[in-house]
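**Student:**
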Amino acid sequence: MAKHEFRDVGSLTEAEAEAELAWLAGEIARHDKSYHGEDSPEISDADYDALRRRNEEIETLFPKLKRPDSPSMRVGSAVSEKFEKIVHAVPMLSLDNAFSDKDVRDFADRIRRFLKLGADFPLVLTAEPKIDGLSLSLRYEDGVMVSAATRGNGQVGENVTDNARTIEDIPENLAGDPPEVLEVRGEIYMTNADFAVLNERQLEAGKPTYVNPRNTAAGSLRQLDPSITASRPLKFFAYAWGEVSALPQTTQSAMVEALARYGFKTSPLMKRFDTIDALLEHYRRIETDRATLGYDIDGVVYKVDDLALQQRLGFVSRSPRWAIAHKFPAEKAATILKAIDIQVGRTGALTPVARLEPVTVGGVVVTNATLHNAEEIVRLGIMIGDTVTIQRAGDVIPQVLGFIAEKRPPDAQSFEFPNICPCPLQTPIIREATASGGEGVVRRCTGEFACPFQRKEHLKHFVSRKAFDIEGLGEKQIEYFYDDPELPIRTPADIFTLAKRDMQNGLKQLQNRDGYGAVSAKKLFDAIEERRSIPLDRLIFALGIRHVGETTGKTLARAYGSWKQFHDAALAVAAGDETARDDMQALDDIGPAAVDAIASYFAEPHNRDLVEALVVQLTVRDAEQAETGSPVSGKTIVFTGSLERMSRDEAKAMAERFGARAAGSVSSKTDLVVAGPGAGSKLKKAAELGIEVIDEAAWFDLIGN
Ligand code: IVH
Numbered sequence: 047m048a049k050h051e052f053r054d055v056g057s058l059t060e061a062e063a064e065a066e067l068a069w070l071a072g073e074i075a076r077h078d079k080s081y082h083g084e085d086s087p088e089i090s091d092a093d094y095d096a097l098r099r100r101n102e103e104i105e106t107l108f109p110k111l112k113r114p115d116s117p118s119m120r121v122g123s124a125v126s127e128k129f130e131k132i133v134h135a136v137p138m139l140s141l142d143n144a145f146s147d148k149d150v151r152d153f154a155d156r157i158r159r160f161l162k163l164g165a166d167f168p169l170v171l172t173a174e175p176k177i178d179g180l181s182l183s184l185r186y187e188d189g190v191m192v193s194a195a196t197r198g199n200g201q202v203g204e205n206v207t208d209n210a211r212t213i214e215d216i217p218e219n220l221a222g223d224p225p226e227v228l229e230v231r232g233e234i235y236m237t238n239a240d241f242a243v244l245n246e247r248q249l250e251a252g253k254p255t256y257v258n259p260r261n262t263a264a265g266s267l268r269q270l271d272p273s274i275t276a277s278r279p280l281k282f283f284a285y286a287w288g289e290v291s292a293l294p295q296t297t298q299s300a301m302v303e304a305l306a307r308y309g310f311k312t313s314p315l316m317k318r319f320d321t322i323d324a325l326l327e328h329y330r331r332i333e334t335d336r337a338t339l340g341y342d343i344d345g346v347v348y349k350v351d352d353l354a355l356q357q358r359l360g361f362v363s364r365s366p367r368w369a370i371a372h373k374f375p376a377e378k379a380a381t382i383l384k385a386i387d388i389q390v391g392r393t394g395a396l397t398p399v400a401r402l403e404p405v406t407v408g409g410v411v412v413t414n415a416t417l418h419n420a421e422e423i424v425r426l427g428i429m430i431g432d433t434v435t436i437q438r439a440g441d442v443i444p445q446v447l448g449f450i451a452e453k454r455p456p457d458a459q460s461f462e463f464p465n466i467c468p469c470p471l472q473t474p475i476i477r478e479a480t481a482s483g484g485e486g487v488v489r490r491c492t493g494e495f496a497c498p499f500q501r502k503e504h505l506k507h508f509v510s511r512k513a514f515d516i517e518g519l520g521e522k523q524i525e526y527f528y529d530d531p532e533l534p535i536r537t538p539a540d541i542f543t544l545a546k547r548d549m550q551n552g553l554k555q556l557q558n559r560d561g562y563g564a565v566s567a568k569k570l571f572d573a574i575e576e577r578r579s580i581p582l583d584r585l586i587f588a589l590g591i592r593h594v595g596e597t598t599g600k601t602l603a604r605a606y607g608s609w610k611q612f613h614d615a616a617l618a619v620a621a622g623d624e625t626a627r628d629d630m631q632a633l634d635d636i637g638p639a640a641v642d643a644i645a646s647y648f649a650e651p652h653n654r655d656l657v658e659a660l661v662v663q664l665t666v667r668d669a670e671q672a673e674t675g676s677p678v679s680g681k682t683i684v685f686t687g688s689l690e691r692m693s694r695d696e697a698k699a700m701a702e703r704f705g706a707r708a709a710g711s712v713s714s715k716t717d718l719v720v721a722g723p724g725a726g727s728k729l730k731k732a733a734e735l736g737i738e739v740i741d742e743a744a745w746f747d748l749i750g751n
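Here the working numbering is used: position 158 in the sequence shown is 204, and no number is missing along the way.
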């Protein structure tokens, strides 16, 4: 950009000042965005600062002309609300991980068990590299590309259609005879050579270099200006699909071959195998060739080849049962242990965290590693000042493996685990007993509701991605607002009164603060407003009850349907109602630990108040029933005895697909029992309670299979 010549502020007329402020607002916002998209700034820092200074000078002289979107009300980059959203017709899933040969064999065994396949049934799996890029979903209608979306949270992604159109590997029109509707999914990546050239250019221009090909590919795709994307050498491999009007093939491998015929690049390393030994051999070949591929991969993905089997296998929460990613071994590095801090978790558990001299491990800068508990520090024998070895595998928090004895400095200091909590209450630390009554390794802060650390962690969990997922309100902002004198967020309900409370703050409103402006404050309030309506399963998960994770939240939501039903049941369980307890525990995947945790959560008056105050702020959406209109929709079904055509797990998954709930034991809430040969006590109980019992053949008749 040519340097802008500014006139003396004193010589500007009001109209000229107004016009220049408008120009500056647009210009500065544009540069903020290019910083934000991990792109290199178009102008130097000095020029950028000059624009901001100019804006302030004019505003000082013409205070009346200050614009609501003035850059002076906003610090740093704009919020990421920059692309339109696209709801994926079929969710974009993630993959479960395997880290060893045994994990892979277990994966295959699980599939065989689930499908009740005999040992001699040839289970064919495909194996292909796991590309370290970012996934993209391309929608074609009548062979023409209509949209492109990033994965986002799996349900909703960002509309990057204009950018995708600039990528050579992405055809605008499909060749051959594609289905009417076809969503092609695959990975956007950058080759190592292209990445190196890009960085050389940056260096020559005196600009900062990029960290790794993956982040650069991601930043390049998420550009507001498609011409920037076009200037970056992005590539695309197709390996999966979303919505398809009519599947043209019956196997994974034939589908990928079809994608190649339609005009996509597909991995030349994808192969089919019918033994695990051959599959693992291919994994090792790919691992050996890894450095010569020319692009980064972080493992090998295995998929069941037969699409009919994939369909039967279905999903568990966010990953398919029919695929797994076999990750390459973790990368290691050595660095200095500078300190050990104690972190207080949501449940008061104290975790020692290693603070490290920053070190790059596999393209990522690591500054912290978990030490799990006090025993781990003793076991590792580490001292502060030591050079420690660390490893990082995938997205897992880095771990400390040990220390290098020769490098121990004479002034290395040993670490004493404290007896009192580092929280402001300085409570004595308790050690939790193990199941057998011994002294456990977990140490806890006893502050509970009074402990600000625990409350903060609860709030962070509450707003996290799988819970309320509020854009612009993450961990950092919870820290920011928690102790805020004007606008504190101390409980979940406080989040939903934030906008109203802010309005009463006059000049001290959020929009007048450093770091916030009118636009970003409004965005935050809008994002909160958007989440006032929340699906039941997310609300249950967000409460942060111990042992109630995402899957348990979903199971409970499906079982109880509405907030009222769930809340009533939870209060009843907390009050010691045996029937309510049995009903809850009869639910599939709900163990006694979860039921105990729900009981103690709702037995605590603080929690009940907190929940009540929250729920009046919300519209809780009832759980979706998977397949309404099916004869078993909304019913609770128990499978018992031995089944011929399917495993117990497949039967349960199938019931859920048809909108029913699968329970593990018979109770007054059971609607139907499907009994095979050898059924015993459950059958008896069903007879006592007068519940309908059918056999496996009648079950298939019922659901029309
Ligand atoms: S299959 C239903 N195949 O890995 C499964 N994913 O952890 C759909 N990825 O989000 C994914 N290479 O971005 C599949 N050959 C490959 C892949 C691959 C990379 C990424 C993808 C996905 C993530 C899952």
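We put the CB at the ideal spot given by N, CA and C, even for glycine.
(1) For Asp271, does the three-state DSSP call read helix, strand or coil?
(2) If we count Cβ pairs, one from each stretch, closer than 8 Å, do we get three or more for the segment 225-234 versus the segment 316-326?
(3) Does the segment 145-155 come within contact of the segment 364-374, defined as at least 3 CB pairs closer than 8 Å?
(4) Taking 7 Å as the cut-off, does the CB of Leu141 come closer than this to any heavy atom belonging to the ligand IVH?
(5) What residue does the alpha helix (DSSP H) around His613 start on, and which one ends it?
(6) At the level of alpha carbons, what is the spacing between Pro137 and Thr196?
(7) Where does the unbroken alpha helix (DSSP H) through Ala284 begin, and where does it stop?
(8) Alpha carbon to alpha carbon, how far is Gly72 from Leu544? Give it in angstroms, no decimals.
(9) Looking at Leu249 and Tyr186, is the spacing between their C-beta atoms short of 8 Å?
(10) Which class does Tyr528 belong to by DSSP, given the choice of helix, strand or coil?
(11) Just list the alpha helix (DSSP H) runs in the segment 508-572, keeping only unbroken ones of 4 residues or longer that don't cross its boundaries, in chain order.
(12) Between the segment 360-367 and the segment 455-469, do three or more beta carbon pairs fall short of 8 Å?
(13) Which of helix, strand or coil does DSSP assign to Val206?
(14) For Ser727, report the span of its beta strand (DSSP E) as first-last.
(15) Gly252 to Glu246, Cα distance in whole Å?
(16) So, is Asp240 buried or exposed, given that buried needs 16 or more other C-beta atoms within 10 angstroms?
(17) Quick one: any contact between the segment 625-635 and the segment 702-712, if contact means 3 or more CB pairs under 8 Å?
(18) Measure the Cβ-Cβ separation of Gln445 and Ala420 and say whether it is below 8 Å.
(19) Taking the straight line between their C-alpha atoms, what separation do you get for Pro456 and Met429?
(20) To the nearest angstrom, report how far apart Ser679 and Lys568 are at their CA atoms.
(21) Would you check if the distance between the CB atom of Leu180 and the CB atom of Ala210 is smaller than 8 Å?
(22) Enumerate in chain order the residues of its own chain whose CB-to-CB distance from Ala573 is below 6 Å, with the five nearest sequence positions on each side excluded.
(23) To the nearest angstrom, how far is the alpha carbon of Thr321 from that of Ala304?
(24) Along the chain, where does the alpha helix (DSSP H) that runs through Thr716 open and close?
(25) Spatial neighbours of Arg392 within its chain, please: CB distance less than 7 Å, with the 5 preceding and 5 following residues excluded, ordered by chain position.
(26) Check whether the Cβ of Val347 lies closer than 7 Å to any heavy atom of the ligand IVH, and answer yes or no.
(27) Please find out if some non-hydrogen atom of the ligand IVH comes closer than 7 Å to the beta-carbon of Glu303.
(28) Does Ala420 come out as helix, strand or coil in the three-state DSSP assignment?
(29) For Lys490, which three-state DSSP category applies?
(30) Asn219 bridges to which residues according to DSSP?
(31) Are there any heavy atoms of the ligand IVH lying less than 7 Å away from the beta-carbon of Glu174, as far as the coordinates show?
(32) If distances are taken between C-alpha atoms only, which option among Asp655, Ile535, Leu111, Leu471 comes closest to Ala61?
(33) Taking the beta strand (DSSP E) that Pro404 belongs to, which residues open and close that run?
(34) Should Glu333 be listed as close to the ligand IVH, given that the test is whether its C-beta is under 7 Å from any heavy atom?
(35) So Ile580 and Ala603 are supposed to be a Cβ contact under 8 Å. How far apart are they, rounded?
(36) When the Cα of Val170 is compared with those of Asn238, Ile216, Leu325, Val243, which residue comes out closest?
**Tutor:** Short version:
(1) coil
(2) no
(3) yes
(4) yes
(5) 609-620
(6) 11 Å
(7) Unbroken run through Ala284 is the beta strand (DSSP E), 281-290; no alpha helix (DSSP H).
(8) 29 Å
(9) no
(10) helix
(11) 521-528, 538-542, 544-549
(12) no
(13) coil
(14) Careful: Ser727 lies outside any beta strand (DSSP E), inside the alpha helix (DSSP H) at 727-735.
(15) 10 Å
(16) buried
(17) yes
(18) no
(19) 11 Å
(20) 42 Å
(21) no
(22) Ile516, Glu517, Gly518
(23) 25 Å
(24) No alpha helix (DSSP H) contains Thr716, which DSSP labels as neither H nor E.
(25) Gln500, Glu503, His504, His507, Gly590
(26) yes
(27) no
(28) helix
(29) One point to set straight first is that residue 490 is Arg, not Lys, in the sequence displayed. Strand.
(30) Val190
(31) yes
(32) Leu111
(33) 396-407
(34) no
(35) The pair is not a contact, with the Cβ atoms about 11 Å apart (cut-off 8 Å).
(36) Leu325
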